[in-house]
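Structure, as structure tokens:
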Amino acid sequence: MAIINLKQTGLIIGIAILFAFFVYFVIEAVYPSPKYEDLCNNINYMEPTPAKVGIQVNCTDPWQSKGVQECSLDKGSPEFKQDQNGCDVFDKCNYCGRDYENLNNDYQRNVFVLTAIIGIGAIIFGLYFGVEFVAGGFLFGGILTLAYSTIRYFSRGNVDKWLRVIVIFIEILILIWIGYKKVVGKNKPKK
3 MAIINLKQTG LIIGIAILFA FFVYFVIEAV YPSPKYEDLC NNINYMEPTP AKVGIQVNCT
63 DPWQSKGVQE CSLDKGSPEF KQDQNGCDVF DKCNYCGRDY ENLNNDYQRN VFVLTAIIGI
123 GAIIFGLYFG VEFVAGGFLF GGILTLAYST IRYFSRGNVD KWLRVIVIFI EILILIWIGY
183 KKVVGKNKPK K
């Protein structure tokens with residue numbers, strides 16, 4: 003086993019951190035994340051209207067209408083207009099928020115899969131590369147990339163709690179398998 007000095011430790015940490023940054027900045031440059039404004043740029047806000055003086059109008063609560071209830075169940079945002087009496091009434095259901103959430107969940111999943119593959123590849127590269135500090139940098143950079151991609155996907159994507167457990171378990175198994183094949187398998191005495 004090689005003794006690693008302070009300079010090599012610094013280089014390992016630097017390579018690991020910069021590798022993780024590099025992976026995410028390249029992905030954001032090549033495959034940018036969806037922006038809410040690009041999908042939902044047509045949000046209309048109701049303009050204030052002056053109250054009609056002297057006219058007593060009994061308006062019903064627009065949030066109790068069947069259209070609003072159905073819109074809410076479909077994960078949409080109800081939009082209203084005013085009728086001839088100046089009462090707010092349900093107009094239409096805006097689904098841009100729901101559509102953005104679905105698009106973002108797909109994006110987060112795709113980025114997770116891509117970065118997990120890159121992270122595992124960096125770990126494998128780090129295990130087989132001959133220069134110790136470069137190998138260590140890629141090894142830890144791959145682990146950092148894998149960990150960050152998992153955290154990012156779990157916090158920004160809509161992931162089931164059991165899927166989270168399964169993904170973490172698979173990542174642990176992959177790391178153990180790679181370590182066993184490379185580290186333990188390498189140190190086993192040959193028969």
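Quick note on this note's numbering: the sequence shown kicks off at 3 and runs consecutively.
Ideal Cβ placement from N, Cα and C applies to all residues, glycine included.
Beta-carbon spacing of L148, I122 below 8 Å | yes
How would you write the range of the alpha helix (DSSP H) that F131 sits in, first residue to last?
-> Run containing F131: none; DSSP gives neither H nor E here.
Compute the beta-carbon to beta-carbon distance between I119 and G144, rounded to the nearest angstrom, for a pair I have assumed lies under 8 Å.
-> About 10 Å; that fails the 8 Å criterion.
Kindly list the residues whose CB is nearer than 8 Å to the CB of T152, restricted to its own chain and excluding five residues on each side of it in sequence; keep chain order.
-> Once the five neighbours on either side are set aside, the close Cβ partners of T152 are F114, A118, V169, I170, E173.
For D90, the residue or residues it bridges with in DSSP | Q84
DSSP beta-bridge partners for C42?
-> Its beta-bridge partners do not exist; DSSP assigns none.
Can you check DSSP and say which residues form a bridge with N112?
-> DSSP lists no partner for N112.
Can you tell which of C98, I14, C89, L41 has its C-alpha closest to the C-alpha of P80?
-> C98
Residues that C95 bridges to, as DSSP identifies them = DSSP, once it has assigned bridges, lists P80 as partnering C95.
Counting contacts by CB-CB distance shorter than 8 Å, is D85 in contact with chain C?
-> Here there is only one protein chain, and chain C is not present.
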